[in-house]
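Numbering (my numbering), first residue to last: 40 to 505.
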Ligand code: NAD
Ligand code: UDX
């Protein structure tokens with residue numbers, strides 16, 4: 040048995056590293072078109088930051104784990120080929136802003152069809168709209184020569200920041216397919232370290248749809264608690280207390296009830312929009328509107344955070360300085376895709392403020408690229424005005440530098456190091472009144488208030504003074 044994986048990203052890299060670690064006798068070859076990414080996978084500076092990943096890669100790389108750009112050769116040699124390429128929201132044409140862009144998946148299927156001979160199992164690891172396997176099968180059916188294929192759906196449920204733990208001990212592994220023999224081959228791989236009762240098998244379409252549904256349900260919980268956070272701020276209830284109170288109901292459960300500045304990441308918004316598009320495609324308009332509201336609520340939460348900052352700071356932040364702590368979409372990752380920080384920063388820049396950003400894992404190049412992408416116009420151009428706004432952003436080497444001379448600090452990512460900063464020192468280096476806007480509810484409000492800060496947190500009203 041030989042495995043190949045097309046796509047060395049946040050999913051392909053860690054997932055294949057774990058398979059290689061657990062199955063020392065199976066050669067695993069991860070390929071990508073992006074040479075720079077492959078070079079990084081082959082170096083000591085991996086392209087993604089993920090706790091525990093270094094150790095797993097170090098154990099298997101050079102033994103049975105290989106990274107290269109030799110896509111054709113890797114496909115030709117493999118018995119099982121995982122497709123783990125990106126499936127972003129379409130930005131053009133039919134379904135723009137909603138449907139998934141399946142261009143990269145289709146290209147993989149065509150390439151597999153072109154270079155394969157013998158029997159191969161093609162595994163959809165990317166998150167795909169339900170019935171994509173139909174298209175993949177049709178493309179593969181046109182393969183020349185003597186090739187034959189089985190197609191499986193094996194969506195990935197890892198979350199960034201906890202990917203290694205999620206892969207080591209998954210709640211479940213899901214495998215959808217038609218051929219029992221092909222399903223069994225993949226079950227046998229996972230069964231090396233995952234208990235059999237955690238490996239679920241279904242038909243292809245249930246597997247594809249379950250992935251979109253899982254992400255939609257998770258995101259819905261975040262939007263639900265965030266909607267309540269707005270009501271808490273208006274009424275004097277405390278959103279963390281409400282979350283605790285409802286989370287102890289075993290039917291509701293405590294997870295994914297942390298109110299925040301809004302969910303980010305490459306998956307939630309993309310997958311819900313994809314679900315909305317699918318519902319609309321099948322004429323299910325009420326179902327589409329229902330799920331659309333989860334994204335609308337999230338956009339509202341991000342906007343609300345920035346506008347609360349402006350309102351609180353005497354309705355003007357122009358020519359003021361804000362220290363932003365965190366840029367990644369959650370802690371323990373360097374991924375910034377759809378991070379709430381980008382949107383909040385954009386809104387503040389449009390108010391003509393200066394922003395000093397610090398994130399322990401995100402590079403200045405990435406921060407600038409994120410802002411340029413968001414502030415470009417429809418034709419993809421960045422106007423000189425918008426460029427001048429981005430010039431008001433300075434990326435600094437630590438949290439103290441971000442806070443120094445800032446009128447306010449805004450916590451965007453829940454990095455642990457932000458909890459234990461020397462806030463007394465920070466306070467003395469800020470103009471007064473010094474504001475803190477905690478977009479993650481990780482700071483000790485009482486302690487900060489005692490130092491002298493005016494603290495604003497999500498879903499918490501401020502005590503009336505005097
Ligand atoms: P990514 O952008 O990090 O990686 C995708 C990689 O595929 C890129 O490096 C790209 O260069 C490569 N690629 C694209 N077309 C290619 C081709 N034709 N040949 C070779 N390489 C090609 O994306 P990701 O975050 O790893 O996500 C991959 C898929 O997994 C998506 O469908 C996503 O929805 C899904 N997913 C992601 C996560 C997550 O946490 N990021 C979790 C579960 C599922
Ligand atoms: C998600 C799914 O959890 C995972 O199963 C799937 O495979 C990919 O998409 P990911 O996006 O990596 O994973 O991270 P996740 O932990 O789900 O967080 C997503 C966003 O929601 C982050 O911005 C996070 O900060 C936010 N969030 C999460 C909250 O604001 N509150 C919560 O209670 C949980």
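No residue lacks a Cβ here, since even glycine has one placed at the ideal position from N, Cα and C.
All values derive from a computational prediction rather than experimental measurement.
Which one or two residues does DSSP pair with residue i in a beta bridge?
i	result
residue 100	104
residue 192	163, 215
residue 157	186
residue 450	364, 477
residue 241	215
residue 139	128
residue 68	43, 105
residue 231	In the DSSP output, where bridge partners are listed per residue, residue 231 has none listed.
Between which two residues does the beta strand (DSSP E) holding residue i run?
i	result
residue 495	493–496
residue 477	474–477
residue 119	119–122
residue 369	Neither: residue 369 is in no beta strand (DSSP E) and is coded neither H nor E.
residue 433	432–434
residue 393	393–397
With distances taken between CB atoms, is the gap from residue i to residue j smaller than 8 Å?
i	j	result
residue 314	residue 251	yes
residue 298	residue 497	yes
residue 126	residue 72	no
residue 409	residue 381	yes
residue 57	residue 179	no
residue 357	residue 390	yes
residue 300	residue 478	yes
residue 262	residue 337	yes
residue 369	residue 456	no
residue 396	residue 435	yes
residue 67	residue 104	yes
residue 161	residue 124	no
residue 243	residue 192	yes
residue 499	residue 278	yes
residue 43	residue 117	yes
residue 303	residue 293	no
residue 386	residue 328	no
residue 154	residue 115	yes
First and last residue of the alpha helix (DSSP H) that includes residue i?
i	result
residue 55	51–61
residue 286	278–286
residue 201	Note, residue 201: premise wrong, no alpha helix (DSSP H); not H, not E.
residue 336	324–351
residue 318	307–320
In angstroms, rounded to a whole number, what distance separates the CA positions of residue i and residue j?
i	j	result
residue 394	residue 444	11 Å
residue 284	residue 247	34 Å
residue 317	residue 134	10 Å
residue 323	residue 268	30 Å
residue 309	residue 139	7 Å
residue 272	residue 360	25 Å
residue 475	residue 415	30 Å
residue 504	residue 290	Unreliable placement is indicated for residue 504, whose pLDDT of 49 sits below 50; the coordinate value is still reported in the next sentence. When rounded, the distance between both Cα atoms is 39 Å.
residue 384	residue 184	54 Å
residue 233	residue 321	37 Å
residue 51	residue 111	17 Å
residue 6	residue 163	Given a span of 40 to 505 for the chain in the structure shown, any question on residue 6 remains unanswerable.
residue 440	residue 431	15 Å
residue 216	residue 54	20 Å
residue 156	residue 113	12 Å
residue 377	residue 254	15 Å
residue 488	residue 95	43 Å
residue 128	residue 137	6 Å
residue 507	residue 194	This structure gives no information on residue 507, because the portion of the chain shown stretches from 40 to 505.
residue 492	residue 339	26 Å
residue 406	residue 227	42 Å
residue 36	residue 276	Residue 36 cannot be examined here, being either before or after the span of the chain that is shown, 40 to 505.
residue 266	residue 483	23 Å
residue 109	residue 288	52 Å
Which same chain residues end up closer than 8 Å to residue i when comparing Cβ atoms and leaving out the 5 residues on each side of it in sequence?
i	result
residue 174	141, 145, 148
residue 446	352, 356, 359, 360, 361, 469, 470, 473, 474
If I measure Cβ to Cβ from residue i and keep anything under 6 Å in the same chain, skipping five residues before and after, which residues do I get?
i	result
residue 240	214, 222
residue 260	295
residue 438	364, 397, 460
residue 465	442
CB-CB under 7 Å to residue i, same chain, minus the five flanking residues each way: which ones, in chain order?
i	result
residue 158	187
residue 76	47, 86
residue 463	490
residue 209	196, 233, 237
residue 518	The structure shown does not extend to residue 518, since the chain spans only 40 to 505, so no value can be given for it.
residue 88	372, 373, 400
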